[in-house]
Structure formats: C-alpha cells, structure tokens
Amino acid sequence: MNRRRTGAAHEKQAADYLTAEGMKILAANFRSRQGEIDLIGEHEGYLVFVEVKYRSSSRTGYALEAVDRRKQLRICRAADYYRYLHGVGEDRAVRYDVVGIQGGEIRWIRNAFPHISGKYF
0 MNRRRTGAAH EKQAADYLTA EGMKILAANF RSRQGEIDLI GEHEGYLVFV EVKYRSSSRT
60 GYALEAVDRR KQLRICRAAD YYRYLHGVGE DRAVRYDVVG IQGGEIRWIR NAFPHISGKY
120 F
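The following block contains the structure:
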C-alpha cells in the first residue's frame with residue numbers, strides 16, 4: 000500500500016475511534032498553503048484540530064513523538080486559516096489533539112499542545 004493510502008486508512012481508523020468516543024467529525028484532510036489538518040471535529044464544546052500519526056513499529060520512533068514544534072506551527076497556521084474561512088470567532092474554544100497509532104494501539108492525547116499565534120495570511 001502506498002503512503003497516501005496508508006495515511007488515509009489510519010486517519011479513517013482515528014476518525015472512527017474519535018466518533019465512538021463522542022467527537023463529531025466536521026472535516027478531514029483540510030489543506031491550505033499554511034498546512035494540513037488531518038481531522039477537524041467538535042468535542043465537549045471545543046473546536047478540535049487533530050493530527051494523526053501512525054508507526055508500524057517503534058523502529059523509526061513513536062507516533063506521538065512525531066508532532067514537533069515545527070509541525071505544531073503548521074497545524075496552528077492551517078487552523079487559523081480554517082477558522083478565518085468558516086467565520087469561527089476568537090471566542091470559540093479551540094483544542095489541538097494528537098492521535099497516535101502504534102501497531103494496533105490507538106492513543107488519544109487531548110490538548111496535546113497550545114496554540115501558536117501570529118499573522119499568516
């Protein structure tokens with residue numbers, strides 16, 4: 000299976016998992032010049048931007064460790080653009096989550112990192 004199909008399959012797995020845990024998925028694979036967001040949902044009053052990371056084994060590192068500061072910045076930029084496009088006000092509570100899929104185990108980290116703000120567009 001190629002990388003894109005593998006990623007799509009694991010993003011679907013993560014979306015199914017999050018839905019079962021009570022999240023309403025609003026969008027998948029939001030792309031802009033600022034970056035990409037794997038899943039966007041609503042959960043417990045928050046607008047949630049979710050990064051999904053998959054590793055078949057720990058040989059290349061752990062899935063949850065793959066969201067470094069640079070990736071966080073790109074996610075925040077894309078989230079700001081999404082909010083701008085959809086008229087989501089500054090008063091709306093926002094959260095950044097990470098779902099790590101390592102082998103057969105799924106781990107969901109809520110509020111995995113804070114928003115990194117700035118002007119981007």
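Sequence positions in the sequence shown follow my numbering and run 0 to 120. Using N, Cα and C, we set each Cβ at its ideal position, and we do this for glycine too.
Limits of the beta strand (DSSP E) - the one that residue i falls within
i	result
Ile74	Ile74 -> not in any beta strand (DSSP E); alpha helix (DSSP H) instead, spanning Arg68 to Leu84.
Phe29	Lys23 to Ser31
Arg109	Careful: Arg109 lies outside any beta strand (DSSP E) and carries neither H nor E.
Sheet register partners of residue i (DSSP bridge)
i	result
Glu50	Val97
Gly40	Ile24 and Val47
Glu89	DSSP output for Glu89 lists no bridge partner at all.
Gly34	Ser31
Member of the options whose CA lies at the smallest distance from the CA of residue i
i	options	result
Ile24	Glu35, Val49 and Ala8	Val49
Gln33	Asp96, Arg76 and Leu17	Arg76
Val93	Ser116, Tyr16 and Lys52	Ser116
Tyr80	Lys11, Glu35 and Thr18	Glu35
Tyr95	Arg82, Leu84, Gln71 and Arg106	Gln71
Ser31	Arg69, Ala65 and Arg73	Arg73
Val66	Ala111, Ala8 and Ala14	Ala111
Leu84	Val47, Gly21, Tyr53 and Phe29	Phe29
Lys52	Gln12, Leu46 and His114	Gln12
Met22	His9, Val47, Ala78 and Arg54	Val47
Ile190	Ala8, Val97, Arg69 and Arg54	In this structure the chain extends from 0 to 120, so residue 190 is not present and cannot be described.
Residue i (DSSP reduced to helix, strand or coil)
i	result
His9	helix
Ala65	helix
Tyr119	Summary for Tyr119: the model assigns pLDDT 48, below 50, so the residue's position carries little reliability; its value from the coordinates is reported in the next sentence. Tyr119: coil per DSSP, three-state reduction.
The stretch 98-117 / the stretch 82-89 touching (three or more Cβ pairs under 8 Å): Touching, no, given that fewer than three Cβ pairs across the two stretches are closer than 8 Å.
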